[in-house]
Amino acid sequence: MNTYLRIRSPEKARRLVEELQADGIAPERIRIHATRPPDLPVTRIRFLTPAQALGQGALFGGAALLAIAFLLVAAGYTGALGMVLLPALGATVGAAWAQQRNDAMNRSVEPQLAALERGELLMVLALGDSEVGRIEQRITTRHPEVSVLGTDAAGTPPFP
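In the working numbering, the protein residues as written are 15 to 174.
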C-alpha cells in the first residue's frame, strides 16, 4: 500500500529518508517525485512538465533521425527533401512518445502536480498494511511540517 507525503524542501526530505531507513524501511520502498530530485539513496523520479517532455522527445527523436539522414547521404542518397523530412519525422515521433511516457509516469501523482510545479517534493512509501498507521503517526509527530496525504495522492478527505 502506498502512502503519500508532501515535503517542502530537499533538506527535510533527506532527514525523513534517514529516519525511515533507521526505522527499517528499505530504500527500494521509497520513491521521490520532484522537478529536481535531491541526491538520496532512494528511487528518484524527475517530474517533467508536458512542455519539457515534448521538447526533450523532439530533440532526441530529431537527432536520431538526423543521424540516419547523414548515413543515407554517406551511402549516396542526395535528396534534399529527405534531409528535412527525416529529422522532422523523428522529432514528431520522439515528442509523441515522450508525452505518452510523461503522462504514464505522472498518472499516479497527478493530484499533486501543482505542488510539484511549485518545487515541492512528493515522497511515496510502499508500506505493508500493518506499517501504514505506525509510520504515518511517527511522521506526523516528528515532522509537523510534512503533509501526510495518506494512501490517496489527492489526500485523505476529512470525512468518512
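We put the beta carbon where it would ideally sit given N, CA and C, even for glycine.
Just so we're clear, the structure is a prediction, and the values are computed from it rather than from any experiment.
Can you tell me which residues form a DSSP beta bridge with residue i?
i, result
"residue 140", "16"
From residue i to residue j, what distance separates their C-alpha atoms?
i, j, result
"residue 79", "residue 142", "46 Å"
"residue 31", "residue 87", "53 Å"
"residue 23", "residue 135", "7 Å"
"residue 20", "residue 74", "32 Å"
"residue 65", "residue 106", "14 Å"
Buried or exposed: residue i, going by 16 or more other Cβ atoms within 10 Å of its Cβ?
i, result
"residue 62", "buried"
"residue 126", "buried"
"residue 137", "buried"
"residue 131", "exposed"
So for residue i, helix, strand or coil by DSSP?
i, result
"residue 45", "strand"
"residue 115", "helix"
"residue 122", "helix"
"residue 103", "helix"
"residue 164", "strand"
Considering Cα atoms alone, identify which of the options is closest to residue i.
i, options, result
"residue 123", "46, 149, 98 and 55", "46"
"residue 57", "166, 152, 28 and 167", "28"
"residue 69", "81, 16, 59 and 116", "116"
"residue 129", "83, 52, 48 and 110", "48"
"residue 51", "133, 151, 149 and 169", "133"
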